[in-house]
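Contents: one structure, followed by commentary.
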Amino acid sequence: MTIGEEQKVAAAHRLSVMSERHPELKRRVADVRRELAATILAMDAVEECIQAGEKIHFLQEQAAVEQAKNAHAQALAELLRGER
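This is the structure:
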């Protein structure tokens, strides 16, 4: 199923409305988005070390990114639904 422009507009509207109604949920989404960004940057830093020849792995960082992605998705769903 492809998401069309109508659904994207509806999603943008819903995000706007629910952000106004539930500022605490909006803040939660912002917090977990920041956490996701930090975990991605940490993973990239380790990957750069690997490419530079260091004999390390980045499984822990990959797992952290997956956990952060899941937390972000959950927080976004809670905001869209207006529930926690």
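The sequence shown begins at 1457 in the working numbering and counts up one residue at a time.
In this text, a Cβ means the ideal position worked out from N, Cα and C, and glycines have one as well.
8 Å contact criterion, which residue i and residue j should meet: CB distance rounded
i	j	result
residue 1524	residue 1488	7 Å
residue 1428	residue 1512	Nothing can be reported for residue 1428, as the shown portion of the chain is limited to 1457 through 1540.
Contacts around residue i, its chain only, beta-carbon distance under 7 Å, and the 5 residues preceding and following it disregarded
i	result
residue 1528	1488, 1489, 1492
Residue of the options minimising C-alpha distance to residue i
i	options	result
residue 1515	1531, 1508, 1498	1498
residue 1538	1502, 1517, 1508, 1472	1472
residue 1530	1517, 1484, 1457	1484
Close-in-space but distant-in-sequence residues of the same chain around residue i (CB under 6 Å, 5 per side omitted)
i	result
residue 1534	1481, 1540
If you pair each beta-carbon of the segment 1503-1522 with each one of the segment 1463-1475, do three or more pairs fall below 8 Å?
no
Quick check: the segment 1458-1465 against the segment 1473-1484, are there 3 or more CB pairs under 8 Å?
Cβ pair count under 8 Å is below three, so no.
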